[in-house]
Amino acid sequence: MGKAKSALASQHEALEKAKSFVEKAKARASCLGLTLLGAYLVGSRARGDYLRDSDIDIILVVKGVRKLNFLERLQLFTDTLEPSIDLRIYDAEEWESTENTWINQLKQEAIKIDT
């Protein structure tokens, strides 16, 4: 059995919302003097096991956030966040590391969002 039409339609809407968010995040990063190096869809929307009301898990890889903690990173993009978007922000060095099991798992399912 395939996905219900409503779930498939929600996936299309989620992808459009993700792309729109990434464009706003890219502009915000630029205003802050940061560089958005990549954006990825992860979680159920990337794996294909999403439901109609599943959230949209997005990872931003941003140059210049290495010394900031989790909350400080999120605060940089508060103005761009939207309901149903779950955001995680990593520095390039963190994202490219092979030592972190969690990040390795995320990279396996990640779908690049064009920036």
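Quick note: the sequence shown, position 87, residue 87 per the UniProt record's numbering, numbers continuous. For every residue, glycine included, the Cβ atom is placed at its ideal position computed from N, Cα and C.
Selection from the options that minimises the alpha carbon distance to residue i
i       : options                             : result
Gly-33  : Leu-41, Glu-96, Phe-77 and Asp-114  : Phe-77
Leu-60  : Thr-35, Cys-31 and Gln-108          : Thr-35
Ala-29  : Thr-101, Gly-64, Ile-111 and Pro-83 : Gly-64
Lys-112 : Leu-8, Val-22 and Glu-99            : Val-22
Glu-72  : Leu-8, Ser-44 and Arg-88            : Arg-88
Lys-19  : Ile-103, Ala-39 and Gln-108         : Ala-39
Residue span of the alpha helix (DSSP H) that contains residue i, given as start and end
i      : result
Leu-15 : 5-31
Residue i, buried or exposed, once every other Cβ within 10 Å from all chains shown has been counted against 16
i       : result
Leu-51  : exposed
Arg-66  : exposed
Ala-110 : buried
Leu-106 : buried
Met-1   : Here Met-1 scores only 46 on pLDDT, less than 50, and its place in the model is too uncertain to base an answer on.
Gly-43  : buried
Trp-95  : buried
Ala-9   : exposed
Arg-47  : exposed
Integer Cβ distance of residue i from residue j, believed to fall under 8 Å
i      : j      : result
Lys-17 : Thr-80 : About 12 Å separates the two Cβ atoms, so there is no contact after all.
Asp-55 : Asp-86 : 5 Å
Ile-58 : Leu-41 : 6 Å
- Query: Which ranges would you report for the beta strand (DSSP E) in the UniProt domain "Polymerase nucleotidyl transferase" (38-101) if only whole runs of at least 3 residues count?
  - Reply: 56-63 and 85-90
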